[in-house]
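Worksheet: one structure, shown below.
Residue numbers (the working numbering): 11 to 165.
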């Protein structure tokens, strides 16, 4: 058995978070046509690779979803229903590159939140762009930097 993971690690789709009496998070995966096309190209390329006799030595006898890769409408429906992110959630509170109040970002480069005293954010939400790598070490570095900023302020 073979498996191929096709993922769009730099999506153009943007989700949203709304607050009423409850919090509603809509990741809005693959809502952008560019994302749908990138996933489609990836799936078609994976199908092409897996159908090559030199790759699988005749071990693959059938597709899990026969005909999916030959029908663009079916493939687009599959992408919208069954694909998700690469799970590197970040950028919901992107930090600005300088402490300029004209910037729409709500977190300054010293991790302070605009217009709220004594609050810093030190997690993946301050990363302004989705990186093409795991972000755990980046988050640890952000936390370390935040700790240093707080300690230096107390001196």
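We treat Cβ as the ideally placed atom computed from N, Cα and C, and that holds for glycine. A quick note: this is a predicted structure, and the numbers were derived from the prediction, not measured.
- Taking a cut-off of 8 Å on C-beta distances, the region 38–54 does not touch the region 120–129, as fewer than three cross pairs fall below it.
- Closest option to residue 163, judged by alpha-carbon separation, among 116, 128 and 53: 128.
- When DSSP states are grouped into helix, strand and coil, residue 118 belongs to the coil group.
- Taking the CA atoms as reference points, residue 145 sits about 16 Å from residue 21.
- When the beta-carbon positions are compared, residue 39 and residue 95 come within less than 8 Å of each other.
- The continuous alpha helix (DSSP H) containing residue 149 extends over residues 146–164.
- Residue range 26–29 is occupied by the beta strand (DSSP E) that includes residue 26, with no alpha helix (DSSP H) assigned at that position.
- Annotation: residue 104 to residue 53 spans about 31 Å, alpha carbon to alpha carbon.
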